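Data block below; observations after.
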Amino acid sequence: MKTARFLFVVAALLSIEAINLTNGFPSFSTLQSNYPSYSTYDSDTGMVDHAGLRKWLYYKNTCAMRVSYAMIHSGHSISISSGECNWSGVRAARASGSYYNKKYIIRVGTMRCYLEKTIGAATTGTQSDFSGHKGIIVFQGCNFQVATGHVDLWDGSSCSGTCYFNSCNNVRLFKL
């Protein structure tokens, strides 16, 4: 009986790291371990294929897809309805197993809206304001030619992909 209780306590403690207890969202370390890096999937076609998304997404910006992938593979089911937060209805139609048909967010604005509804308000600030804090970072108001912004994981000192502090005037951190 004592062994069973001990194992239950150990299992409970291990799951605390995987899930942020304040809102049921995956912990930063869990997201980071499931994030598909640019060095592994450096082409836009490679990321789309890896996630099992439809080929019409080839050569599109993949930052929101990568964060969606990390969330899904960390056990978070993206709960969003068609039209909500301007969601386009993208699903992993070419994926297999339990990842088949999972919802993906492909736009930065949609990801920001979803995170606000799921996690709560973000902190707006600069790179120095975010130093030492971990979470999902959203860059908007950028001087990009095509993209409307960028979303990434922030480990307290750097982004998993690329940071755009000098190119964007609206930077928000959803702390995890």
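Just so we're aligned: the sequence shown equals residues 104 to 279 in the working numbering.
We put the CB at the ideal spot given by N, CA and C, even for glycine.
Being a predicted model, the structure only gives us computed values, none of them experimental.
{"Asked": "Skipping 5 residues on each side, what residues in its chain have a beta carbon closer than 7 angstroms to that of S261?", "Found": "none"}
{"Asked": "Using 10 angstroms around the beta-carbon of S136, count the other beta-carbons present and answer buried if the total reaches 16, otherwise exposed.", "Found": "exposed"}
{"Asked": "What residue does the alpha helix (DSSP H) around H176 start on, and which one ends it?", "Found": "C166 to H176"}
{"Asked": "Expressed to the nearest angstrom, what Euclidean distance is found between the alpha-carbon atoms of P139 and C266?", "Found": "16 angstroms"}
{"Asked": "Between H253, T251, M150 and C188, which lies nearest to T213 when the distance is taken from Cα to Cα?", "Found": "C188"}
{"Asked": "Are the CB atoms of T133 and S184 nearer to each other than 9 angstroms?", "Found": "no"}
{"Asked": "Which parts of the segment 199–264 are runs of the beta strand (DSSP E), unbroken and 3 residues or longer, counting only runs that do not cross its ends?", "Found": "238–245 and 252–257"}
{"Asked": "Taking all protein chains shown into account, decide if R215 is buried (16 or more other Cβ within 10 angstroms of its Cβ) or exposed.", "Found": "buried"}
{"Asked": "State buried or exposed for D255, treating a residue as buried only when at least 16 other CB atoms are found within 10 Å of its CB.", "Found": "buried"}
{"Asked": "Assuming I208 contacts S180 (C-beta within less than 8 angstroms), just tell me the rounded distance between them.", "Found": "The pair is not a contact, with the Cβ atoms about 12 angstroms apart (cut-off 8 angstroms)."}
{"Asked": "Do V211 and V241 have their C-beta atoms within less than 9 angstroms of each other?", "Found": "yes"}
{"Asked": "From T226 to R275, what does the alpha carbon distance come to, in whole angstroms?", "Found": "5 angstroms"}
{"Asked": "Please classify N269: is it buried, with 16 or more other beta-carbons within 10 angstroms of its beta-carbon, or exposed?", "Found": "exposed"}
{"Asked": "For a test of the three-state rule: what should DSSP assign to F131, helix, strand or coil?", "Found": "helix"}
{"Asked": "Considering Cα atoms alone, identify which of S182, T143, S130 and N272 is closest to T221.", "Found": "S182"}
{"Asked": "Grab me the residues of K205's own chain with a C-beta within less than 8 angstroms of its C-beta, minus the 5 sequence neighbours each way, in chain order.", "Found": "I175, S180, I181, R194, A195 and A198"}
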